[in-house]
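Report on the following structure.
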Amino acid sequence: MVLEPAQVTVLTGRNGAGKTTALQVIAGLIAPSTGKVTVAGIDIAELEPASWWRQLSWLPQRPVLLPGTVVDNLNLFGELTDPDTVCRAVQFDSVVAKLPDGLQTVLGRDGVGLSLGERQRLALARALGSPAPVLLLDEPTAHLDADSEARVLRAVVERARAGATVVVVAHREQVVAIGDQVVEVRAERHAYV
1 MVLEPAQVTV
11 LTGRNGAGKT
21 TALQVIAGLI
31 APSTGKVTVA
41 GIDIAELEPA
51 SWWRQLSWLP
61 QRPVLLPGTV
71 VDNLNLFGEL
81 TDPDTVCRAV
91 QFDSVVAKLP
101 DGLQTVLGRD
111 GVGLSLGERQ
121 RLALARALGS
131 PAPVLLLDEP
141 TAHLDADSEA
151 RVLRAVVERA
161 RAGATVVVVA
171 HREQVVAIGD
181 QVVEVRAERH
191 AYV
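Counting from 1, position 41 in the sequence shown corresponds to residue 41 in UniProt numbering; the numbering is continuous, with no gaps.
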C-alpha cells in the first residue's frame, strides 16, 4: 500500500481484520509483524518517534479528551490554525454556542459535560484543524447522524485536497465512497496444533 499526499485512503474489512492495527503501525505505535513502513524512503523505525508523531493528526475510535477547557482539548496536539472554520465544518460550533462559557467551558475527564456525538465532533475538529500533513482517522463518523456525517466527510476530502495524506478506517458505505484508494484489510488466522 502506498499512501499519497492529497488523497484519501480508506481501510475496510471485517471486525478484527486489523484496520486499527494498521493505523497504529503507520503511526509507529507498534512494529509491523512483516514488512516496514517508510516515509520518503526512510523506515519509520529509524526515525525519532516524536518527530514522526508531530507529522500526524490521530483520531482514535475512542477520542482522547482531558479535563480542561474545550479550547485546551482542541489544541491538545498543537494549536489549530483556524478553530472557528473547522468547528463549523464538523458542526461543533453549534455545541460551543450552547456551552455556558463557550470555548472556555471546563470539561470533565473524557469529555464529561458533552454527549458522545459532541465529544466525537470536538475530536474531529482537533484532527481536521491540525496542520499535520498526515491524518489517521479511525471510524471518524461514529456516533454522528447522517447530516453530520456528510459534512464531516466533505471536510475530510477538503483536507486531503489541500495536500494532506488521509487514512480512514471505515465500515459505512458513505465513508468508503470518499476514498481515492480503498484497501481491504484481511486478518490471516493461523491454526496452532
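Here a beta-carbon is modelled for each residue, glycine too, at the ideal position from N, C-alpha and C. The model shown is predicted, which means the values in this text are computed figures rather than measured ones.
Which residue from the options puts its Cα closest to that of residue i?
i: Glu173; options: Arg161, Ala150 and Ala155; result: Ala150
i: Asn126; options: Ala177, Val8 and Gly78; result: In the sequence as displayed, the identity of residue 126 is Arg instead of Asn. For the residues Ala177, Val8 and Gly78, the minimum Cα distance to Arg126 belongs to Gly78.
i: Glu139; options: Ser51, Ile42, Gly129 and Gln120; result: Gln120
i: Ala164; options: Trp58, Gly111, Leu103 and Ala146; result: Trp58
i: Arg54; options: Asp101, Asp82 and Ile44; result: Ile44
i: Pro83; options: Leu114, Val112, Ser130 and Val166; result: Ser130
i: Leu137; options: Lys36, Leu80, Val64 and Thr81; result: Val64
i: Thr38; options: Asn15, Ala97, Leu3 and Gly102; result: Leu3
i: Leu114; options: Asn73, Thr34 and Gly35; result: Asn73
i: Leu76; options: Leu47, Thr85, Gly111 and Gly102; result: Gly111
i: Thr141; options: Ile42, Arg62 and Ile26; result: Arg62
Return the chain-ordered list of same chain residues with a C-beta closer than 8 Å to the C-beta of residue i, the five sequence neighbours on each side being excluded.
i: Leu116; result: His143
i: Ile178; result: Val8, Val10, Leu153, Val156, Val157 and Val168
Rounded to the nearest angstrom, how far is the Cβ of residue i from that of residue j, given a contact under 8 Å?
i: Val183; j: Met1; result: 5 Å
i: Pro60; j: Gly28; result: So it is not a contact: roughly 15 Å between Cβ atoms.
i: Leu56; j: Ala162; result: Wrong, their Cβ atoms sit about 16 Å apart, outside the cutoff.
i: Ala170; j: Thr20; result: No, Ala170 and Thr20 are not in contact; Cβ-Cβ is about 12 Å, not under 8 Å.
i: Leu128; j: Arg159; result: 5 Å
Taking 7 Å as the limit between beta carbons, can you name the residues of its chain near residue i, skipping five residues before and five after?
i: Gly108; result: Pro67
i: Gln24; result: Ile30
i: Arg186; result: Gly13 and Ala17
i: Phe92; result: Arg121, Leu122 and Ala125
i: Cys87; result: Asp93, Val96 and Ala125
i: Ser148; result: Gln91
i: Ile26; result: Val37, Leu136 and Val167
Give a yes or no on whether 7 Å exceeds the smallest Cβ distance from residue i to chain C.
i: Asp101; result: Annotation note: the requested chain C is absent from the structure, which comprises a single protein chain.
Could you name the residues of the same chain whose beta carbon sits closer than 6 Å to that of residue i, not counting the 5 residues immediately before and after it, in chain order?
i: Val95; result: Glu118
i: Leu99; result: Thr105
i: Gln181; result: Thr9
i: Ala89; result: Ala155
i: Thr69; result: Gln104 and Val106
i: Val71; result: Leu103
i: Pro5; result: Gly163 and Thr165
Which of the three DSSP states is assigned to residue i in this structure?
i: Leu107; result: strand
i: Val112; result: coil
i: Val90; result: coil
i: Val8; result: strand
i: Ala187; result: coil
i: Gly78; result: coil
i: Pro83; result: helix
i: Val96; result: helix
Ordered list of alpha helix (DSSP H) runs contained in the stretch 10-76, each at least 4 residues:
19-27, 49-53 and 70-74
Scan the stretch 106-183 and note each continuous alpha helix (DSSP H) run of 4 residues or more that stays entirely inside, going in chain order.
The alpha helix (DSSP H) runs of length 4 or more contained entirely in the stretch 106-183 are, from start to end of the chain, 116-129, 146-161 and 173-176.
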